[in-house]
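Trainee: Numbering (my numbering), first residue to last: 1071 to 1360. Every residue, glycine too, gets a C-beta built ideally from N, C-alpha and C. The model shown is predicted, which means the values in this text are computed figures rather than measured ones. Please find one structure pasted underneath; my questions will follow.
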């Protein structure tokens, strides 16, 4: 069989509505529990065989043109060294990075799947998810997004890690999101005071559908004190129209459900139209070299 020379994978992102870090001495159970939505936008990763590892990070501008935003990624470089393979990796996303859309998790999980395909490593989807999850926990770029992104739907995670108890459901309503700026996840995750507030705000009930996820997310955002002042007017405008809306965790942004949300969010800036993704990572192509 001819060997693959390149592999392309798409991995969906994830908007977290509420979460609680779960730290265990063994990293196998480090991560978080919570609920959120796996979204139709994500990261497209292309890996090409190469003797020297390299990473380029692209973000599509509003005209659909990929713009180079970084010529390296310590996380993905570490990932390659852990998997003991070299490749020239390019990631491309449309949504802003560090804004609560799970783009870092999508890039990491997408890269693991791309390298697995490119080098015929025969890792199962579960093994790919574990490698990505441990990498993300190690780099403090997120705690539960990988566990969510390995499949689709709205997601309720009752225990941490890719093998945790995860309940998924589907809802076809559109999701609209707006971003005012990034929040550095690691700074929130490393603050002891913030950790206490997050634990105290965590909902005691488990949601049964998307509406309940939205309601609990909003209550969590309010109680935890995580809501930045910039997005207050956006949330108020949604409340006035009885539109289910909350803060993108962790990013200075708002996500809202239903068609009525779009004109309301548009008054405040650029709006991303999303949908709940029906599934997790997809291998788009693998080109074989003769």
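Check whether the segment 1333 to 1344 and the segment 1307 to 1322 are in contact - that is, three or more C-beta pairs closer than 8 Å.
Mentor: yes
Trainee: Could you name each continuous beta strand (DSSP E) segment of 3 residues or more that falls completely within the segment 1072 to 1108, going from the start of the chain to the end?
Mentor: 1074 to 1092
Trainee: Buried or exposed for residue 1340, going by 16 or more other Cβ atoms inside 10 Å?
Mentor: With fewer than 16 other Cβ atoms within 10 Å, it is exposed.
Trainee: In terms of residues, what are the limits of the alpha helix (DSSP H) holding residue 1333?
Mentor: 1331 to 1336
Trainee: Taking DSSP as the reference, what is the three-state secondary structure of residue 1220?
Mentor: Looking at residue 1220 - three-state DSSP - the assignment turns out to be coil, as it is neither helix nor strand.
Trainee: Whose CA, out of 1240, 1093, 1232, lies closest to the CA of residue 1345?
Mentor: 1240
Trainee: Using the beta-carbon count (16 or more within 10 Å), is residue 1303 buried or exposed?
Mentor: Classification of residue 1303: exposed, given that the 10 Å Cβ count is below 16.
Trainee: Identify, in the order they occur along the chain, each residue of the same chain with its Cβ nearer than 6 Å to the Cβ of residue 1272, setting aside the five sequence neighbours on each side.
Mentor: 1090
Trainee: Using the Cα positions of residue 1097 and residue 1201, report the straight-line distance between them to the nearest angstrom.
Mentor: Per-residue confidence for residue 1097 stands at a pLDDT of 49, beneath the threshold of 50, marking its modelled position as unreliable; no derived number is given.
Trainee: Just reading off the beta strand (DSSP E) that residue 1287 is part of, what are its end residues?
Mentor: No beta strand (DSSP E) holds residue 1287; the alpha helix (DSSP H) holding it covers 1280 to 1294.
Trainee: Pull up the CB-CB distance for residue 1077 and residue 1123, whole angstroms please, since I reckon it's below 8 Å.
Mentor: Contact flag wrong, Cβ pair sits at about 15 Å.
Trainee: If I measure Cβ to Cβ from residue 1206 and keep anything under 8 Å in the same chain, skipping five residues before and after, which residues do I get?
Mentor: 1145, 1174, 1175, 1178, 1212, 1213, 1215, 1216
Trainee: Going by C-alpha distance, which of 1275, 1313, 1317 is nearest residue 1292?
Mentor: The shortest C-alpha separation from residue 1292 is found at 1317.
Trainee: Using beta-carbon positions only, say whether residue 1083 and residue 1108 come within less than 9 Å of one another.
Mentor: yes
Trainee: Quick test of your reading: residue 1343 and residue 1244, contact by CB under 8 Å. State the CB separation rounded to the nearest angstrom.
Mentor: Going by Cβ atoms, the distance from residue 1343 to residue 1244 rounds to 6 Å, so yes, they are a contact pair.
Trainee: Take the Cβ of residue 1279 as the centre, count every other Cβ of all protein chains shown within 10 Å, and call the residue buried at 16 or more, exposed below.
Mentor: exposed
Trainee: What would DSSP say about residue 1277, mapped onto helix, strand or coil?
Mentor: coil
Trainee: Can you look up residue 1351 in the DSSP assignment and give me helix, strand or coil?
Mentor: coil
Trainee: Thinking C-beta only, is residue 1159 closer than 9 Å to residue 1117?
Mentor: With respect to the 9 Å criterion, residue 1117 and residue 1159 are classified as neighbours on the basis of their beta carbons.
Trainee: Go ahead and pull the three-state DSSP assignment for residue 1033.
Mentor: Nothing about residue 1033 can be reported from this structure: the residues present for the chain run from 1071 to 1360 only.
Trainee: Here's a check: name, in chain order, each residue in its chain whose Cβ is nearer than 6 Å to the Cβ of residue 1298, leaving out the five neighbours to either side.
Mentor: 1322
Trainee: Measuring CA to CA, which of 1169, 1185, 1151 is closest to residue 1161?
Mentor: 1185
Trainee: When you compare the CB positions of residue 1270 and residue 1294, do they come within less than 9 Å of one another, or not?
Mentor: yes
Trainee: Considering only their Cβ atoms, is the gap separating residue 1172 from residue 1085 smaller than 9 Å?
Mentor: yes
Trainee: With DSSP as the reference, label residue 1192 as helix, strand or coil.
Mentor: coil
Trainee: Assuming contact is defined by CB atoms lying nearer than 9 Å, are residue 1324 and residue 1247 in contact in what I supplied?
Mentor: yes
Trainee: Starting from the C-beta of residue 1320, find all residues in its chain whose C-beta is less than 6 Å away, skip the five residues before and the five after it, and write them out in chain order.
Mentor: The residues 1170, 1253, 1255, 1258, in chain order, have a CB closer than 6 Å to that of residue 1320 in the same chain once the five nearest residues on each side in sequence are set aside.
Trainee: Kindly provide the ranges of any beta strand (DSSP E) runs that are 3 or more residues long and lie completely inside the segment 1119 to 1187, ordered along the chain.
Mentor: 1124 to 1130, 1136 to 1140, 1157 to 1163
Trainee: For the beta strand (DSSP E) containing residue 1343, list its first residue and its last residue.
Mentor: 1341 to 1344
Trainee: Could you check whether residue 1183 and residue 1353 sit closer than 9 Å to each other, using their CB atoms as the reference points?
Mentor: Yes. Within cutoff.
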